[in-house]
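There are 2 protein chains.
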Amino acid sequence: MAQDGKKLVSEITSMDEDFTQWYTDVVTKAGLISYSNIKGFMVIKPAGYAIWELIQKHLDERFKKTGVTNAYLPMLIPESLLQKEKDHVEGFAPEVAWVTHGGTEPLTERYCVRPTSETLFCDYYKGEIHSYKDLPQVLNQWCSVVRWEKETRPFLRSREFLWQEGHTAHATFEEAEERTQQMLNVYADFLAEDMAIPVIKGQKTEKEKFAGAEATYTVEALMHDGRALQSATSHNFGDGFAKAFEIQYAGKDNKLHHVFQTSWGATTRLIGAMIMVHGDNSGLVLPPRIAPVQVMIVPIQQKKEGVLETAGKMLEALKDFRAKLDDSDRSPGYKFADQEMRGIPLRIEIGPKDIEAGKCVIVRRDTREKIECAIDEVAAKVGELLPKIQQDMYDRAKNHLDTHTFAATTKEEFEEAFKETKGFVKAMWCGDRACEDKIKEDYSVTSRCIPFEQENLSGTCVCCGKPATKMVYWGRAY
Amino acid sequence: MAQDGKKLVSEITSMDEDFTQWYTDVVTKAGLISYSNIKGFMVIKPAGYAIWELIQKHLDERFKKTGVTNAYLPMLIPESLLQKEKDHVEGFAPEVAWVTHGGTEPLTERYCVRPTSETLFCDYYKGEIHSYKDLPQVLNQWCSVVRWEKETRPFLRSREFLWQEGHTAHATFEEAEERTQQMLNVYADFLAEDMAIPVIKGQKTEKEKFAGAEATYTVEALMHDGRALQSATSHNFGDGFAKAFEIQYAGKDNKLHHVFQTSWGATTRLIGAMIMVHGDNSGLVLPPRIAPVQVMIVPIQQKKEGVLETAGKMLEALKDFRAKLDDSDRSPGYKFADQEMRGIPLRIEIGPKDIEAGKCVIVRRDTREKIECAIDEVAAKVGELLPKIQQDMYDRAKNHLDTHTFAATTKEEFEEAFKETKGFVKAMWCGDRACEDKIKEDYSVTSRCIPFEQENLSGTCVCCGKPATKMVYWGRAY
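Structure follows, in structure tokens:
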């Protein structure tokens, strides 16, 4: 590796030394973001946005297969509308951005930039839903939202972020519950299959649920440093919002009924999850299915006769993949380090000697394995390697999750497990908010979820020792 | 047609009677939008948003073919940043929405919701561009923007709208000019080929150009009522913004140079253009390439044995198209009228008698022509009809444009031409702002553009009679 390549990599802090700084180095040096003039508002640069475009593509396809259609609702919410549902306004009002002037005129009522759009969808559905024939309504929107967070970090917690928010209305509670769970499974499958990230599926406690929801479900992922990241959520609102907004339909029985609602969302935070699950000390490692560039061809001694020509033909042969050729005038060493930083799954090295021998070298980003391949078999080999990398990345992440999930049956074991942040700790809980609060205060950890897959670790709560029937995943969270 | 179908159509005002009301009726009855609580902020409903998704898909593909990549910049702009370019702030400050509070705290500086993002891109490029190797920068973003307009109409002039805004930086003025023209051509081709809308390409006058631009180019379309609609614009900024924001690069000569910039945009207004170019008294008429549903199969007497089965097989045979089957329990008459309202290019009617005879009836939305077709030849016939409809729609719009463009060589002819709003009027202009202002005041028309295709209609300005070398398109605009 040439000197300039070494320099590029040496600019990243080692993740073992300082994981937080490693993360910041990666998001900036890999060209994913740059900071703007306003705290918590970031520029998502082309390399970062291209990942988001692929996340959108895969998620949107999965949504549409379940009957979701997209729409677009306003960016601003009148204060009076935000206030209609009591829990919701309490949850969001302290962290919204307020618009007070339109042009040179003060507004008669303040509008907030949407932090989420439940109130807007409710107002819209009130006008759209009259009869059982108008149900279900299954809409989604892709947009940006603003929440005035105090502490901010690129992708993980920003004042503005991009997301999708689905909002549905149904005739019965059961239908709403079914949709809530269906969308949680869409997220879990997407995370596993497209992002190579295994998750724990479960329900949030009353303390941690969404403002205004009857039940919040979550998919929780484990980062490389042992911290948990809530990766997507799906909420069943029951008929609470419908009652606050008076959304009623005439049933087959000719009587008026309130609808039952859900909402579900995933954000640019997924990019943060991907960085912290798969990245290493050389930078990003992108799962092939969401890698904007899957294969980069790097010609060696590219000025020698025939090298660029052969590389160009290879690019043509790889047209079914997201392949590129780096024929810039930078050194191969720089290119190698740069592409490793950017997480490109496969690199193909091809120089005069390779061409003479009719072969090239394919290098995997995830394992650094070098694979010799005949030039005319490159497309077949790439077609075989990309899904293998995707699977291997998932398997490694799953192994990390499994080996960093611990069980605690006593307070001592629980305390011991959280002396360092190593991963999830499973423990029994009595169900009391007081114990949940105490655990948070004593160990700075939060209940991540009550997993759907319950185990009976012991009969008693790790906090108070009283009888317990629920097993909870605890963790230090982003 | 059944009674309920008649009723649906009778709800639309005739376009000859009241074009404005016809437009409002169509956007609401065809389910494209609904109004929100805030004036000028609309809900884009699924039927409207699906059209926008197809516009995005086609435009984005065309952009990417020219080397554009997407990014995302913040939604908010600090007041101090907006003020950096004098003309720009004068143009936009009076019509922006101001955020003054984040959560419960007043901000130390006001932020405006972006009305356009020149200042943000300049601030970003200042940090990214150092050497000639960093050029060109060719970015685009898809987002929503807010401009506090006084008069609002769905899609045509709304306080919030969706759009794309491309922003580029180049080493030379010539390169910037080339990109400006290239993107104008992308818009013109997209409008002609995907939206079936012919346009006049030209340059805006000094009076009408974008705030801060050196030159603004435009594609102007003619609506059914004879009014003009600016459908997309492309701006060459020269180095004006670069000087205000100090964006400099070290050239091959090792000296510092200011970059040259462009921007170009198209908005949800394109949906308004499409409605007003192609619509008729039964509602929308969608060009096949941007029709979310291209073919709707309507079973007749669908409860009779074999009807739904045959219709279902036909849907399967049409899988290469955006086809749907309307098996709802509404009457065929209602379905016909509803689909006409929604502008679906082709309807296929299939009932027991048709099935017995092995045929079906295909009905074109644009001409209402009924075409008998063998059931097993439906896919081939649809594949032949959709591009034909697309072309016919373009040809009719082109014919309308040509027959509604008039030439005036004297003040009297000019006045006569604008007694009613019939279309564009071409006339010679001396180039003086005073004449442009006078024409606007006297006839309530504006200069649409100085077209690239110039004609020498006469030697003198229609307003002042002085020597003139420029031919201008004038029109009443939306």
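For the record, the sequence lines run as chains E and Z. Residue numbering for the first sequence follows this note's numbering, starting at 87 and increasing by one per position. Residue numbering for the second sequence follows this note's numbering, starting at 87 and increasing by one per position. A virtual CB, placed ideally from N, CA and C, is assigned to each residue, including glycine.
| Check | Outcome |
| --- | --- |
| Using the C-alpha atoms, what's the distance from K421 of chain E back to D415 of chain E? | 10 Å |
| Output yes if chain E places a C-beta closer than 8 Å to the C-beta of D209 of chain Z; else output no. | yes |
| Would you say Y158 of chain Z lies against chain E (beta-carbon separation less than 8 Å)? | yes |
| Okay, do the region 126-143 of chain Z and the region 255-270 of chain Z touch, 3+ Cβ pairs below 8 Å being the bar? | no |
| Could you tell me the boundaries of the beta strand (DSSP E) in which F346 of chain Z lies? | 346-353 |
| List the endpoints of the continuous beta strand (DSSP E) containing E263 of chain E. | First-last for E263 of chain E: 259-279, but that is the alpha helix (DSSP H), not the beta strand (DSSP E). |
| Between the C-alpha atoms of V175 of chain E and K405 of chain E, what's the straight-line distance to the nearest angstrom? | 51 Å |
| For R196 of chain Z, which residues from the same chain have a beta carbon less than 6 Å from its beta carbon, with the 5 sequence-adjacent residues on both sides left out? | E165, W184, T186 |
| Any C-beta of chain E within less than 8 Å: which residues of the region 116-128 of chain Z qualify? | S120, S122, N123, I124, F127, M128 |
| List the DSSP bridge partners of T302 of chain E. | E:H321 |
| What does DSSP give as the partner residues of K456 of chain E in its beta bridges? | E:V449 |
| Just the chain Z side, please: which residues come within less than 7 Å of I130 of chain E by C-beta, in chain order? | A157, Y158 |
| According to DSSP, is F79 of chain E part of a helix, a strand, or is it coil? | There is simply no residue 79 of chain E to check, as chain E begins at 87 and stops at 564 in what is shown. |
| In the structure shown, what three-state DSSP assignment does E395 of chain E receive? | helix |
| What residue does the beta strand (DSSP E) around P385 of chain E start on, and which one ends it? | 381-385 |
| Helix, strand or coil for F207 of chain E? Go by DSSP, reduced to three states. | helix |
| So, helix, strand or coil for W234 of chain E, using DSSP? | coil |
| Report yes if the CB atom of P180 of chain Z is closer than 8 Å to the CB atom of V129 of chain E, and no otherwise. | no |
| Check whether the region 370-388 of chain E touches the region 435-452 of chain E, counting contact only when three or more Cβ pairs, one atom from each stretch, lie closer than 8 Å. | yes |
| Cβ of L225 of chain E within 8 Å of Cβ of P132 of chain Z? | yes |
| Less than 8 Å between the C-beta atoms of Q289 of chain Z and A301 of chain Z, yes or no? | yes |
| Short of 9 Å Cβ to Cβ, which residues in the region 159-184 of chain E face chain Z? | L159, P160, M161, L162, I163, P164, S166, L167, A179, P180, E181, V182, A183, W184 |
| Quick one: Cα of G551 of chain Z to Cα of K524 of chain Z, how far? | 13 Å |
| Which of the three DSSP states, helix, strand or coil, is assigned to D412 of chain Z? | coil |
| Classify H174 of chain E as helix, strand or coil using the three-state DSSP reduction. | helix |
| Report the neighbours of L225 of chain Z on chain E: residues whose CB is nearer than 8 Å to its CB, in chain order. | P132 |
| Could you work out which residues of chain E lie near L248 of chain Z, taking near to mean beta carbons separated by less than 8 Å? | Y158 |
| Given that G419 of chain Z touches chain E, what residues does it touch there, using C-beta distances under 7 Å? | Near G419 of chain Z there are no residues of chain E at all, since even the closest Cβ is about 18 Å away, more than 7 Å. |
| Between L356 of chain E and I457 of chain E, what straight-line distance do the alpha-carbon atoms span, to the nearest angstrom? | 31 Å |
| Measuring alpha carbon to alpha carbon, tell me which residue in Z:I475, Z:M400, Z:R428, Z:S417 is nearest K445 of chain Z. | Z:M400 |
| Where does D104 of chain E land, buried or exposed, given buried means 16+ other C-beta within 10 angstroms? | exposed |
| Going along the chain, which residues of its own chain have a beta-carbon closer than 7 Å to the beta-carbon of Q425 of chain Z, five neighbours each way excluded? | M382, R433 |
| Suppose you measure from the CA of K293 of chain E to the CA of E522 of chain E; what does that come to, to the nearest Å? | 8 Å |
| Since T190 of chain Z meets chain E, which of its residues come closer than 7 Å, beta carbon to beta carbon? | P180 |
| Any C-beta of chain E sitting closer than 8 Å to the C-beta of V345 of chain Z? | no |
| Please go through the same chain and pick out, in chain order, the residues whose beta-carbon is closer than 6 Å to the beta-carbon of G337 of chain E, but skip the five residues on each side of it. | Y218, H343 |
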